[in-house]
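Numbering (the numbering used here), first residue to last: 774 to 1177.
Think of the CB as a built atom: it goes at the ideal place given N, C-alpha and C, for glycine as much as any other residue.
This report refers to the structure that appears directly beneath it.
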Ligand SMILES: [Zn+2]
């Protein structure tokens, strides 16, 4: 078997295309394969599919292909434009690459598999390509998959912000709670992120009125965004966020009290963590502090009591405990606790809605760890656009339709 014939079989190309020559350069570590089409060949029109269109002109192009053993491999071909009697002059697409790409489809498939599992910069090093070229491939496949996204089954959505970079630049993630995947990513954390999401749902084979449940934190922006744009959705306030607000208030009490009770210094986590996450020694320290009639100990007891409300068997019982808790805390002299109780009372319905919906943002831990992984991969990403694309890629369960 001649090498040209072997490469033709291995590449899987057929008439009118054929391998016309190959050149192997062991020293340069590369293999070059020339592909051509039969002279006088008539090709179908890419638009109207009319057969037998004559070739108008050709342009020479090169594509990086999968490595040949340890050697880089390149395909070269003159790509024709045909002249269709109906459509005029049209570029013919080659079967081994998509238009405009300098890589073959199989090389792109390999690159995409790599970037799902490693940082793009690392994949680029491994492939010996500049990462901006790889990013172009990533954006192409992600955008194509997103255009096909079908949100007709989407009913319950978790909306949560995450810092895109340390300290600033937030993105808002919209997660399908049932399918456990990111279905939309918006820049910022304002009410406009939710209106953008409603448009996105409308544009993807669904309707924003089909969203029946959302889980959000108590930020005014998300509340306004949901009430204006997801009018059929019941709001559940994320219980992890609720507990965090209470924990922050406990810590404020502790910090104030540390001025007069220096033994509280450095005890922050003893009051915020649950027993399961404390060592025996930490628990002993905390228990002895708790017996010392400190304001911090009282605030801590309030936190524990509130946490137990989530264990009530149903909403009706929880309502009773919730109201009892609020009146207890509001009559206390612990200013930060009184403030948080006032906040919780203002959001009573959405907090207690948890007993019906049982949804929480923190439960989507699998997603969160994927997003953290995306951020780790984003180290060295130059733009937010790249972070967004890689987040969709690792957490969006996209149908990438990679060639095989
Ligand atoms: Zn045509």
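Beta-carbon spacing of residue i, residue j below 8 Å
{"i": "residue 946", "j": "residue 933", "result": "yes"}
{"i": "residue 964", "j": "residue 997", "result": "yes"}
{"i": "residue 893", "j": "residue 908", "result": "yes"}
{"i": "residue 836", "j": "residue 810", "result": "no"}
{"i": "residue 805", "j": "residue 849", "result": "yes"}
{"i": "residue 944", "j": "residue 1166", "result": "no"}
{"i": "residue 918", "j": "residue 1143", "result": "no"}
{"i": "residue 1076", "j": "residue 1023", "result": "yes"}
{"i": "residue 1013", "j": "residue 1133", "result": "yes"}
{"i": "residue 1045", "j": "residue 1020", "result": "yes"}
{"i": "residue 795", "j": "residue 807", "result": "yes"}
{"i": "residue 803", "j": "residue 778", "result": "no"}
{"i": "residue 1176", "j": "residue 784", "result": "no"}
Residue burial classification, residue i (beta-carbon count within 10 angstroms, cutoff 16)
{"i": "residue 842", "result": "exposed"}
{"i": "residue 838", "result": "buried"}
{"i": "residue 993", "result": "exposed"}
{"i": "residue 719", "result": "This structure cannot settle anything about residue 719, because the visible part of the chain is limited to 774 through 1177."}
{"i": "residue 818", "result": "buried"}
{"i": "residue 853", "result": "buried"}
{"i": "residue 1110", "result": "buried"}
{"i": "residue 904", "result": "buried"}
{"i": "residue 1011", "result": "buried"}
{"i": "residue 1158", "result": "exposed"}
{"i": "residue 1089", "result": "exposed"}
{"i": "residue 949", "result": "buried"}
{"i": "residue 1123", "result": "buried"}
{"i": "residue 1164", "result": "buried"}
Opposing strand residues paired with residue i [DSSP bridges]
{"i": "residue 855", "result": "828, 863"}
{"i": "residue 849", "result": "807, 835"}
{"i": "residue 791", "result": "809"}
{"i": "residue 876", "result": "837"}
{"i": "residue 929", "result": "986"}
{"i": "residue 936", "result": "943"}
{"i": "residue 1007", "result": "986"}
{"i": "residue 960", "result": "944"}
Proximity to residue i [Cα-Cα], best of the options
{"i": "residue 989", "options": "974, 982, 966", "result": "966"}
{"i": "residue 731", "options": "1014, 981, 915", "result": "Coverage of the chain is limited to positions 774 through 1177, which leaves residue 731 absent and any answer about it impossible."}
{"i": "residue 951", "options": "984, 845, 1083", "result": "984"}
{"i": "residue 1025", "options": "796, 936, 1038", "result": "1038"}
{"i": "residue 1131", "options": "777, 1086, 961", "result": "1086"}
{"i": "residue 1047", "options": "858, 1073, 991, 799", "result": "1073"}
{"i": "residue 972", "options": "1002, 1105, 1139", "result": "1002"}
{"i": "residue 873", "options": "910, 808, 796, 1125", "result": "910"}
{"i": "residue 1091", "options": "791, 827, 1004, 1121", "result": "1121"}
{"i": "residue 1162", "options": "856, 885, 785", "result": "885"}
{"i": "residue 862", "options": "1125, 813, 827", "result": "827"}
Rounded separation between residue i and residue j - CA only
{"i": "residue 1008", "j": "residue 1108", "result": "28 Å"}
{"i": "residue 1058", "j": "residue 1051", "result": "10 Å"}
{"i": "residue 913", "j": "residue 906", "result": "11 Å"}
{"i": "residue 1186", "j": "residue 1017", "result": "The question about residue 1186 has no answer, for the chain in this structure spans 774 to 1177."}
{"i": "residue 901", "j": "residue 883", "result": "13 Å"}
{"i": "residue 1146", "j": "residue 1160", "result": "11 Å"}
{"i": "residue 1063", "j": "residue 1128", "result": "31 Å"}
{"i": "residue 1068", "j": "residue 1030", "result": "7 Å"}
{"i": "residue 1209", "j": "residue 1041", "result": "No information on residue 1209 is available, as it lies outside the stretch 774 to 1177 that the chain covers here."}
{"i": "residue 865", "j": "residue 970", "result": "38 Å"}
{"i": "residue 822", "j": "residue 986", "result": "47 Å"}
{"i": "residue 1100", "j": "residue 955", "result": "39 Å"}
{"i": "residue 1035", "j": "residue 1027", "result": "10 Å"}
{"i": "residue 791", "j": "residue 961", "result": "52 Å"}
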